[in-house]
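This report refers to the structure that appears directly beneath it.
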Amino acid sequence: MISFLPLGGASDIGSSCFYLNVEGTGIILDSGTHPRKSGIDSLPRFELLKEKNVDVALISHAHQDHIDSLPYLVQHHPYIRIVTTPQTRAVAEITLHNTVNILQEQLKDEMTMRAYTHEEIDLLIQSVEWQEYEKQFTVNGYRHESADPVHATFFDAGHILGSAGMLIEHNGRSFFYTGDVNLEKQSLLAGAVLPKKHVDVLIMECTHGATDSSLLPSRTSELARLATTTNKILNRGGSILVPVFALGKMQEMLSLFWKLMLKGAIAKTDIYTGGVGKKLCSVYDKNRYTVGYNDTDFVLSDIPQRDLYEVEQIDDLLRHQCIVLAGSGMVIQNTLSFKLAQRWLTNPKAGIFTVGYMDQETPGFRISNSNKGNLIQLTDTHEPQNVSCDIERFRFSAHSNRDGILSIVERLRPSTVILVHGEHESIDWMGYSIMKQFPHVKLHAAEVGKQITLFE
Ligand SMILES: [Zn+2]
Numbered sequence: 001m002i003s004f005l006p007l008g009g010a011s012d013i014g015s016s017c018f019y020l021n022v023e024g025t026g027i028i029l030d031s032g033t034h035p036r037k038s039g040i041d042s043l044p045r046f047e048l049l050k051e052k053n054v055d056v057a058l059i060s061h062a063h064q065d066h067i068d069s070l071p072y073l074v075q076h077h078p079y080i081r082i083v084t085t086p087q088t089r090a091v092a093e094i095t096l097h098n099t100v101n102i103l104q105e106q107l108k109d110e111m112t113m114r115a116y117t118h119e120e121i122d123l124l125i126q127s128v129e130w131q132e133y134e135k136q137f138t139v140n141g142y143r144h145e146s147a148d149p150v151h152a153t154f155f156d157a158g159h160i161l162g163s164a165g166m167l168i169e170h171n172g173r174s175f176f177y178t179g180d181v182n183l184e185k186q187s188l189l190a191g192a193v194l195p196k197k198h199v200d201v202l203i204m205e206c207t208h209g210a211t212d213s214s215l216l217p218s219r220t221s222e223l224a225r226l227a228t229t230t231n232k233i234l235n236r237g238g239s240i241l242v243p244v245f246a247l248g249k250m251q252e253m254l255s256l257f258w259k260l261m262l263k264g265a266i267a268k269t270d271i272y273t274g275g276v277g278k279k280l281c282s283v284y285d286k287n288r289y290t291v292g293y294n295d296t297d298f299v300l301s302d303i304p305q306r307d308l309y310e311v312e313q314i315d316d317l318l319r320h321q322c323i324v325l326a327g328s329g330m331v332i333q334n335t336l337s338f339k340l341a342q343r344w345l346t347n348p349k350a351g352i353f354t355v356g357y358m359d360q361e362t363p364g365f366r367i368s369n370s371n372k373g374n375l376i377q378l379t380d381t382h383e384p385q386n387v388s389c390d391i392e393r394f395r396f397s398a399h400s401n402r403d404g405i406l407s408i409v410e411r412l413r414p415s416t417v418i419l420v421h422g423e424h425e426s427i428d429w430m431g432y433s434i435m436k437q438f439p440h441v442k443l444h445a446a447e448v449g450k451q452i453t454l455f456e
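Residue 456, in this note's numbering, is where the sequence shown stops; the numbers in between run on with no holes.
In structure tokens form, the structure reads like this:
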């Protein structure tokens, strides 16, 4: 039998984790945490794996919602084999150590769960095996029971450095999990590569399912608007805060701003970065020949940057014009971007640019949906404050728009599609559109805890 069981990240975005059982070989696809939740609530439902074979974990990329619960999975299944791309392994070594620090703070009063340690991460990373894009490997685990081998192949997903879609093949049957995918090129990364054959089952992300692609601005017009808006704020002596994910968005935005400065489209201004995002720039640089990179001569670490962590007073950043790229991307409470945003909101010369996905229950979403003159309450426990700065929203997404996602169905011609990683509205639109355009496709909207039998 071949079955699919979602443990997390099915009908929302966060704690992605799916269990695929191929004739007895248990494969975990991703093992993330929910960025907005904490403690046990942030984890996938690992208890559903009780009495199931758990042999191999394949990790699509190193974003928190796809990898951060891996150390907990390993505690329960110490003999699990873990495979990623070499780039994801290199990135995860930095990001998971950073998560240790965050978790230790977050879980200090938590009785039911402890943070993992730096030593555990060192051991975990040592045990992670890497496989390059488009090189098939066998995934039978230590306790495999399937008579025929299960093969897997990673394909560049074009989302962030090292991101992969995964093709799993067994006995003439094939399954493709998109992970987070972007078919279009970004500033640094070229778009996704898909298998050049049809698959039986497609497990597909739906992040942007709810947004009409024809209403989305083109990349060129967004870049032009980024330049104009940046100039407007810098020219009046204001500073710009861009909340970014340290992995992916930070490198993309740094590259975009610097290229605009090189072209003379915006004035050369101090750019502040720091911490994990800066360390990850050098991993991007080292890998620019190993993945689909638009310009292998472009080196992020050569871009002049000032260190955000050496700034003594937040107000120093508002006293002279500068551009600040700070985590977290969704302006989660107690992060640097949250602290900076509180000050930025009070400054009429300043601007906050939002540039990526915001979960609806985060301060970032509230900022992104406010305008100068509004009253904003960053969290339910914070006092409302006036929005005195400019707020501008840009779309530089690392995910395909919904028409791009639909084109994957067209290209891979699956007989079954399982929709994952999207809010209800997104999943509903994708489901409706697939039914209309591909009426022969068998469709499932994934639900945590609900097993789908793919083949008897
Ligand atoms: Zn991602």
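Just so it is clear, CB atoms sit at the ideal spot from N, CA and C, and this is done for glycine as well. Note that this is a predicted model, so its numbers are computed, not measured.
| Asked | Found |
| --- | --- |
| Measuring only from the beta carbon, is residue 180 closer than 7 Å to any heavy atom that is part of ligand 1? | yes |
| Indicate the three-state DSSP secondary structure (helix, strand or coil) for residue 315 in the structure shown. | helix |
| So, for residue 64: in the same chain, excluding its five sequence neighbours on each side, which residues have a beta-carbon less than 8 Å away from its beta-carbon? | 32, 33, 35, 95, 99 |
| Tell me which residue opens and which closes the alpha helix (DSSP H) that residue 458 is part of. | No information on residue 458 is available, as it lies outside the stretch 1 to 456 that the chain covers here. |
| When DSSP builds the beta bridges, which residues end up paired with residue 6? | 18 |
| So, are the CB atoms of residue 140 and residue 25 less than 8 Å apart? | yes |
| Please state whether the Cβ-Cβ distance between residue 389 and residue 439 is less than 8 Å. | no |
| Please tell me whether, using a cut-off of 7 Å, the distance from the CB of residue 405 to the nearest non-hydrogen atom of ligand 1 is below it. | no |
| What is the rounded straight-line gap between the Cα of residue 71 and the Cα of residue 120? | 7 Å |
| Whose CA, out of 11, 3, 5, 6, lies closest to the CA of residue 425? | 11 |
| Please list the terminal residues of the continuous alpha helix (DSSP H) segment that includes residue 169. | Unbroken run through residue 169 is the beta strand (DSSP E), 164–170; no alpha helix (DSSP H). |
| Is residue 159 near ligand 1, with its Cβ less than 7 Å from a heavy atom? | yes |
| From residue 449 to residue 103, what distance separates their C-alpha atoms? | 26 Å |
| When you compare only the Cα positions, how much space is there between residue 243 and residue 183? | 24 Å |
| Name the two residues that bound the continuous beta strand (DSSP E) containing residue 348. | Segment: none, residue 348 is in no beta strand (DSSP E) and carries neither H nor E. |
| Between 84, 428, 230, which lies nearest to residue 137 when the distance is taken from Cα to Cα? | 84 |
| What I want to know is whether the C-beta of residue 34 ends up closer than 7 Å to one or more non-hydrogen atoms of ligand 1. | no |
| So, with DSSP's three-state summary, where would you put residue 245? | coil |
| Are residue 157 and residue 178 close, meaning C-beta to C-beta below 8 Å? | yes |
| Check residue 433 in the structure and name its three-state DSSP category. | helix |
| Do you know whose CA, among 5, 196, 325, lies nearest residue 255's CA? | 325 |
| Pull up the CB-CB distance for residue 199 and residue 163, whole angstroms please, since I reckon it's below 8 Å. | Rounded, the Cβ-Cβ distance is 19 Å, inconsistent with contact. |
| What residue range is occupied by the uninterrupted alpha helix (DSSP H) comprising residue 284? | 275–286 |
| Identify the continuous beta strand (DSSP E) that holds residue 114 and give its terminal residues. | Where residue 114 is concerned, there is no enclosing beta strand (DSSP E), given that its DSSP letter is neither H nor E. |
| Decide yes or no for the touch test of the stretch 300–309 against the stretch 355–363: beta carbon pairs closer than 8 Å, at least 3 of them. | no |
| I need the DSSP call for residue 330, collapsed to helix, strand or coil. | coil |
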